[in-house]
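**Q**
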Amino acid sequence: MVQVKSVSKHANFYPMLTEEALAELAADIKENGQQSPITVTADGVLLDGRNRLKACEIAGVEPHVTIHEGDDEGAFVRSSNERRHQSTGSRAMSTALSLQADGLRQNGRWVRGAIHGANTEFRVSADGRTWTDAMRQAGVILDERPELAQSVIDGEIALDEAYRQADAKRKVREAEEQRRIEEARDEQKREDSAGRYFDNHQEAKAWLDEKPQGAFPTMREAYAAYMEHDREARRIEAEKRRKEEEFQKQVEESYERAALRLRSFVNSYSQAWGMRTNRNRKEILDKMMPTEREKFEALEGKLGWTTENF
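Per the UniProt record's numbering, residue 1 is the first one in the sequence shown, and the count goes up by one each step.
#1: For residue 288, which residues in the same chain have their Cβ closer than 8 Å to its Cβ, ignoring the five residues on either side in sequence?
#2: Ignoring anything shorter than 4 residues, give me the alpha helix (DSSP H) runs that lie fully in the segment 31-71, in order along the chain.
#3: Excluding five sequence neighbours on each side, which residues of the same chain lie with their C-beta closer than 8 Å to the C-beta of residue 207?
#4: Assess contact between the segment 158-172 and the segment 130-143, defined as three or more Cβ pairs (one per stretch) separated by less than 8 Å. Is contact present?
#5: Buried or exposed, going by whether 16 or more other CB atoms sit within 10 Å of the CB of residue 121?
#6: May I have the straight-line CA-CA distance separating residue 202 from residue 110, to the nearest angstrom?
#7: Along the chain, where does the alpha helix (DSSP H) that runs through residue 292 open and close?
#8: Whole beta strand (DSSP E) runs in the segment 135-222 with 3 or more residues, listed along the chain?
#9: What residues in its chain sit with their C-beta under 8 Å from that of residue 209, if we drop five residues either side in the sequence?
#10: Any idea what DSSP makes of residue 281, helix, strand or coil?
#11: On the DSSP bridge list, what partners appear for residue 110?
#12: If you reduce the DSSP assignment to three classes, tell me which class residue 4 lands in.
#13: Please tell me whether, using a cut-off of 7 Å, the distance from the CB of residue 2 to the nearest non-hydrogen atom of the ligand HEM is below it.
#14: Tell whether a beta-carbon distance below 8 Å holds between residue 65 and residue 40.
#15: Give me the Cα-Cα distance between residue 118 and residue 36, rounded to the nearest whole angstrom.
#16: Based on Cα-Cα distance, which residue from 13, 8, 54 and 16 lies nearest to residue 27?
#17: Buried or exposed: where does residue 52 fall if 16 or more other Cβ atoms within 10 Å of its Cβ makes it buried?
#18: Tell me the DSSP secondary structure of residue 306 in three-state form.
#19: Whole-angstrom Cβ separation of residue 190 and residue 220, contact assumed at under 8 Å?
#20: Residue 132 by DSSP, collapsed to three states: which one?
#21: Using a 10 Å radius around the Cβ and a threshold of 16 neighbouring Cβ atoms, would you call residue 310 buried or exposed?
#22: Which value, in whole angstroms, describes the spacing of the CA atoms of residue 279 and residue 272?
#23: Hey, residue 47 and residue 8 are a contact pair by Cβ (cut 8 Å); roughly how many whole angstroms apart?
#24: For residue 38, tell me which candidate among 45, 49, 29 and 44 has the shortest Cα-Cα distance.
#25: Relative to the C-alpha of residue 101, which candidate in 73, 88 and 79 has its C-alpha closest?
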């Protein structure tokens, strides 16, 4: 008899019976004999019959073993467990792990034809979901929340609930991926726009050409640097204009003050001219400050004004 040396990884994806169920199976085998053989490879790798093997050990019965001649161990194990006494969700999760181990889960999808078999038409629940629906959910769980797989197999969490959690995580991930795609697209648009700006503005292009090769990793960074440079240049130009305008304002104000003095002089001229013949000249001049009087009389002398005595 071929000795069982190890257990296929695919077989390990399917749960063992409870101790109580194993005890019942052992009692049945002891009383009625082993009805179904244990299947192993020629190398002694157990593919199907872990529970029967354990029950035989408990019953003290020599197990009946048959050798599997095929090459596809995973497919054989999955086929052997199609009608296993296991909840649909648990069995779907076990099958999903086996298919994944064979590389049949790629890019978030099952490889075409991987999940179709005799049980495809079996209804999963009263709401009309099929085995395909269950496998689709199991696949999402493996993709997003693989840590829940064993809990589903063990019946600690329902397939639907595990899928709900996995699907919520998938939606968050996909939204983040979409955001990154849109962000990258926007960045590319800004990069292209920056390149066009330099192409269409000779002054900016000349500024960029003066920079060392590789000074800016991207055109967007070059554009930002040029805008900063341009802002500084415009600030300096604005400050220059402000100072020029301030100077011009001061000049204009000095002209206004001179004109005001001239207007005052013109308005006072007739009165000053009239002092030559004013009967009250002396009394008026006496009211002036001595320095003001001296200036007035000196001005009369310079202008050649002569006074008439009355």
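We put the beta carbon where it would ideally sit given N, CA and C, even for glycine.
Computed from a predicted structure; not experimentally measured.
**A** Well, looking at it:
#1: For the purposes of this step, residue 288 is taken as the residue at position 288 of the sequence shown. Within the same chain, residue 288 has close Cβ partners 296.
#2: For the segment 31-71, whole alpha helix (DSSP H) runs of length 4 or above, ordered along the chain, are 50-59.
#3: For the purposes of this step, residue 207 is taken as residue 207 along the sequence shown, with counting starting at 1. Cβ neighbours of residue 207 beyond the five flanking positions: 226 and 229.
#4: Cβ pair count under 8 Å is three or more, so yes.
#5: The sequence position of residue 121 within the sequence shown is 121, counting from 1. Confidence at residue 121 is low in this model, with a pLDDT of 49, below 50, so its placement is unreliable and the value that follows should be read with caution. Exposed, since its Cβ has fewer than 16 Cβ neighbours within 10 Å.
#6: Here residue 202 refers to the residue found at position 202 when the sequence shown is read from its first residue. Here residue 110 refers to the residue found at position 110 when the sequence shown is read from its first residue. Between residue 202 and residue 110, the alpha-carbon positions lie close to 56 Å from each other.
#7: By one-based count along the sequence shown, residue 292 stands at place 292. Segment 290-303, the alpha helix (DSSP H) holding residue 292.
#8: Unbroken beta strand (DSSP E) stretches of 3 residues or longer found wholly inside the segment 135-222: none.
#9: Numbered from 1 along the sequence shown, position 209 holds the residue referred to as residue 209. Counting only Cβ-Cβ distances below 8 Å, and skipping sequence neighbours, we find nothing.
#10: As a first step, residue 281 is located in the sequence shown; it is residue number 281 there, counting from the start. Helix, per DSSP.
#11: As a working mapping, residue 110 is identified with position 110 in the sequence shown. In the DSSP output, where bridge partners are listed per residue, residue 110 has 105.
#12: On the sequence shown, position 4 is the one that residue 4 refers to. Here residue 4 sits in coil by DSSP.
#13: As far as ligands go, the structure on display features none, and thus does not contain the ligand HEM.
#14: Taking the sequence shown and counting its residues from 1, one reaches residue 65 at position 65. Taking the sequence shown and counting its residues from 1, one reaches residue 40 at position 40. The answer is yes: Cβ separation under 8 Å.
#15: Counting from 1 along the sequence shown, the entry for residue 118 is found at position 118. Counting from 1 along the sequence shown, the entry for residue 36 is found at position 36. Caution applies to residue 118, whose pLDDT of 44 falls short of 50 and renders its modelled position unreliable; the value that the coordinates give is listed next. The straight-line gap from Cα to Cα measures roughly 21 Å.
#16: Residue 27 sits at position 27 when you count from the first residue of the sequence shown. Among 13, 8, 54 and 16, the Cα nearest to that of residue 27 is on 54.
#17: For the purposes of this step, residue 52 is taken as the residue at position 52 of the sequence shown. Under this definition residue 52 is a buried residue.
#18: The count along the sequence shown starts at 1 and reaches residue 306 at position 306. Residue state, collapsed to three classes: coil.
#19: Numbered from its first residue, the sequence shown carries residue 190 at position 190. Numbered from its first residue, the sequence shown carries residue 220 at position 220. At roughly 5 Å, the Cβ-Cβ gap stays under 8 Å, so residue 190 and residue 220 are in contact.
#20: One-based indexing of the sequence shown puts residue 132 at position 132. Note: residue 132 maps to helix in three-state DSSP.
#21: Stepping through the sequence shown from its first residue, residue 310 is reached at position 310. Unreliable placement is indicated for residue 310, whose pLDDT of 40 sits below 50; no coordinate value is reported for it.
#22: Here the question's residue 279 lines up with position 279 in the sequence shown. Here the question's residue 272 lines up with position 272 in the sequence shown. Going by the C-alpha atoms only, they are around 13 Å apart.
#23: As a position in the sequence shown, residue 47 is number 47, starting the count at 1. As a position in the sequence shown, residue 8 is number 8, starting the count at 1. Yes, they are in contact, since the Cβ atoms of residue 47 and residue 8 sit about 5 Å apart, within 8 Å.
#24: Within the sequence shown, residue 38 is the residue found at index 38, counting from 1. Selected option, being the one with the closest Cα: 49.
#25: If you number the sequence shown from 1, residue 101 lands on position 101. Ranking the options by Cα distance to residue 101, first place goes to 73.
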